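Asks: Starting off with a structure, shown below.
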């Protein structure tokens with residue numbers, strides 16, 4: 219009888235030990251899974267520590283160069299104001315054309331100088347050059363109407379560069395003479411260039427021309 223009771227007690231002890239071992243293993247596995255999930259979470263967080271916008275910036279090229287140049291000569295400031303409207307609309311690069319020898323500030327004297335330059339077929343030297351001319355596809359060229367033509371300085375400017383393959387777009391201010399014969403002169407000096415419809419405005423109306431300028435630019439296929 220004692221022997222039987224001993225066997226029973228041993229069996230109970232074995233069952234208890236097995237249960238404890240199983241429970242301990244379950245706890246170990248559960249802890250291990252939790253640790254794995256936590257580690258995985260930290261790795262994911264590590265990957266997302268780099269901001270999404272930083273990754274995008276790294277893969278994008280730096281700012282693109284403009285393909286539009288807005289070159290202009292302005293004596294009174296009217297053409298410069300018009301050039302600024304074109305720059306605002308197109309995002310092109312502005313370049314101020316200036317003579318190496320500045321023109322007089324006296325209007326009456328200027329009339330005589332301009333007339334003499336035309337008679338002589340003069341080509342006044344410009345004070346600066348466009349260093350990255352080859353980067354531009356579209357060249358806006360602005361000027362005042364002097365004696366029914368473009369200032370000779372504009373022709374000097376255009377003849378200083380290779381215009382082949384470019385598209386030239388003239389814009390002009392005047393006291394009432396429109397483009398005069400200036401478009402023909404500009405075309406002759408920009409050898410090899412294509413031409414788009416230009417824009418003219420009376421100098422007294424430049425300040426109110428923004429809507430007209432925008433409508434003109436919207437209609438140019440070269441900007442679409």
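In the numbering used here, the protein residues as written are 219 to 442. Cβ coordinates follow ideal geometry from the N, Cα and C atoms, glycine included. Every value quoted in this text rests on a predicted model; they were computed, and no experiment measured them.
Would you mind stating whether residue 359 and residue 397 have Cβ atoms separated by less than 9 Å?
Replies: Reading the chain shown from its first residue, position 141 is the one you call residue 359. Reading the chain shown from its first residue, position 179 is the one you call residue 397. The answer is no: Cβ separation not under 9 Å.
Asks: Can you check whether the CB of residue 421 is closer than 9 Å to the CB of residue 370?
Replies: Mapped onto the chain shown, residue 370 falls at position 152. Mapped onto the chain shown, residue 421 falls at position 203. Taking 9 Å as the Cβ cut-off, residue 370 and residue 421 do not qualify as a contacting pair.
Asks: Could you check what DSSP says for residue 364 in three-state terms: helix, strand or coil?
Replies: Position 146 of the chain shown, counting from 1, holds the residue named residue 364. Three-state result, residue 364: strand.
Asks: Would a C-beta distance cut-off of 9 Å place residue 384 and residue 406 closer than the cut-off?
Replies: Taking the chain shown and counting its residues from 1, the one referred to as residue 384 is at position 166. Taking the chain shown and counting its residues from 1, the one referred to as residue 406 is at position 188. No; because the gap between Cβ atoms is not below 9 Å, this pair is not in contact.
Asks: Given that a residue counts as buried once 16 or more other Cβ atoms are within 10 Å of its Cβ, and exposed if not, what is residue 354?
Replies: Taking the chain shown and counting its residues from 1, the one referred to as residue 354 is at position 136. The residue in question, residue 354, is buried, as its Cβ has 16 or more Cβ neighbours within 10 Å.
Asks: Could you name the residues of the same chain whose beta carbon sits closer than 8 Å to that of residue 344, not counting the 5 residues immediately before and after it, in chain order?
Replies: Translated into the one-based positions of the chain shown, residue 344 becomes position 126. Correct list, in chain order: 315, 316, 317, 318, 371, 374, 375 and 378.
Asks: Could you tell me which residues DSSP puts in a beta bridge with residue 344?
Replies: Numbered from its first residue, the chain shown carries residue 344 at position 126. In DSSP, residue 344 forms a bridge with 317.
Asks: Can you list, in chain order, the residues of its chain with a C-beta nearer than 6 Å to that of residue 357? Leave out the 5 residues immediately preceding and following it.
Replies: Looking up residue 357 in the chain shown gives position 139. Excluding residues within five positions, the ones whose Cβ falls inside 6 Å are 287, 384 and 386.
Asks: Rounded to whole angstroms, what's the CA-CA distance from residue 419 to residue 437? Just pull it up for me.
Replies: For the purposes of this step, residue 419 is taken as residue 201 along the chain shown, with counting starting at 1. For the purposes of this step, residue 437 is taken as residue 219 along the chain shown, with counting starting at 1. Distance between the alpha carbons of residue 419 and residue 437: 17 Å.
Asks: Grouping DSSP H, G and I as helix and E and B as strand, with all else coil, what is residue 329?
Replies: For the purposes of this step, residue 329 is taken as the residue at position 111 of the chain shown. Helix.
Asks: If we count the other Cβ atoms within 10 Å of its Cβ and call it buried at 16 or more, is residue 367 buried or exposed?
Replies: On the chain shown, position 149 is the one that residue 367 refers to. Buried, since its Cβ has 16 or more Cβ neighbours within 10 Å.
Asks: Do residue 309 and residue 284 count as a contact pair if the criterion is CB distance below 9 Å?
Replies: Here residue 284 refers to the residue found at position 66 of the chain shown. Here residue 309 refers to the residue found at position 91 of the chain shown. Taking 9 Å as the Cβ cut-off, residue 284 and residue 309 qualify as a contacting pair.
Asks: So, for residue 365: in the same chain, excluding its five sequence neighbours on each side, which residues have a beta-carbon less than 7 Å away from its beta-carbon?
Replies: Reading the chain shown from its first residue, position 147 is the one you call residue 365. Taken in chain order, the residues that qualify are 332, 333 and 336.
Asks: Hey, residue 362 and residue 297: beta-carbon distance below 9 Å or not?
Replies: Along the chain shown, read from residue 1 onward, the residue named residue 362 stands at position 144. Along the chain shown, read from residue 1 onward, the residue named residue 297 stands at position 79. Yes. Within cutoff.
Asks: Ignore the nearest five residues each way along the sequence and tell me which others in residue 299's own chain have a CB closer than 6 Å to its CB.
Replies: The sequence position of residue 299 within the chain shown is 81, counting from 1. For residue 299, where only same-chain residues beyond five positions count, the Cβ hits under 6 Å are 424.
Asks: Hey, out of 295, 304 and 313, whose CA is closest to residue 433's CA?
Replies: On the chain shown, residue 433 is found 215 positions in, with the first residue counted as 1. It is 304 whose Cα lies nearest to the Cα of residue 433.
Asks: Determine whether the beta carbon atoms of residue 307 and residue 404 lie at a separation below 9 Å.
Replies: One-based indexing of the chain shown puts residue 307 at position 89. One-based indexing of the chain shown puts residue 404 at position 186. No. Outside cutoff.
Asks: For a test of the three-state rule: what should DSSP assign to residue 287, helix, strand or coil?
Replies: Position 69 of the chain shown, counting from 1, holds the residue named residue 287. It is a strand residue.
Asks: Over the uninterrupted beta strand (DSSP E) stretch that includes residue 420, give me the two end residues.
Replies: In the chain shown, counting from the first residue as 1, residue 420 sits at position 202. Element bounds for residue 420: 417 to 420.
Asks: Out of 442, 349 and 392, point me to the one whose CA is closest to residue 295's CA.
Replies: As a position in the chain shown, residue 295 is number 77, starting the count at 1. Answer by Cα proximity: 392.
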